[in-house]
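A.B. asks: Numbering (this note's numbering), first residue to last: 511 to 623.
From the three backbone atoms N, C-alpha and C, an ideal C-beta is built for every residue, glycine too.
Fair warning: this is a prediction, and the values are worked out from it, not measured in the lab.
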């Protein structure tokens with residue numbers, strides 16, 4: 511759960527705040543699906559994975575979007591327990607995305623701005 515939570519937090523910390531979430535959990539999962547092999551096993555990230563990471567980052571432009579992404583990732587982490595936290599932590603950077611929050615399973619999604 512900690513690895514997926516970290517991944518979720520990574521992608522939630524994107525753009526400016528707003529009130530309604532336009533990003534759905536289905537969109538989050540679809541965007542990150544090409545990254546699952548990397549998250550589980552490490553190695554090189556695929557171009558499809560990084561495209562998904564950048565797309566998700568660009569989509570989470572509001573506070574509500576970032577909180578939705580965070581909560582979705584936490585739920586997904588409960589299901590996919592083999593994700594390596596170390597891989598999740600470096601994924602955004604490997605894909606050229608800078609996130610100003612620490613990726614951690616203990617992140618309180620409601621406090622993301």
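1. Using a Cβ-based criterion (distance less than 7 Å to any ligand heavy atom), does residue 604 qualify as near the ligand SAM?
2. So, is residue 589 buried or exposed, given that buried needs 16 or more other C-beta atoms within 10 angstroms?
3. Go to residue 561, then tell me how far its alpha helix (DSSP H) extends in each direction, as first and last residue.
4. Do residue 550 and residue 594 count as a contact pair if the criterion is CB distance below 8 Å?
5. Could you check which residue in 545, 536, 583, 560 has the C-alpha nearest to that of residue 618?
6. To the nearest angstrom, report how far apart residue 587 and residue 539 are at their CA atoms.
7. In whole angstroms, what is the alpha-carbon distance linking residue 605 and residue 532?
C.D. replies: On the basis of the data shown:
1. This structure lacks the ligand SAM; in fact it carries no ligand of any kind.
2. exposed
3. 557-569
4. yes
5. 583
6. 11 Å
7. 23 Å
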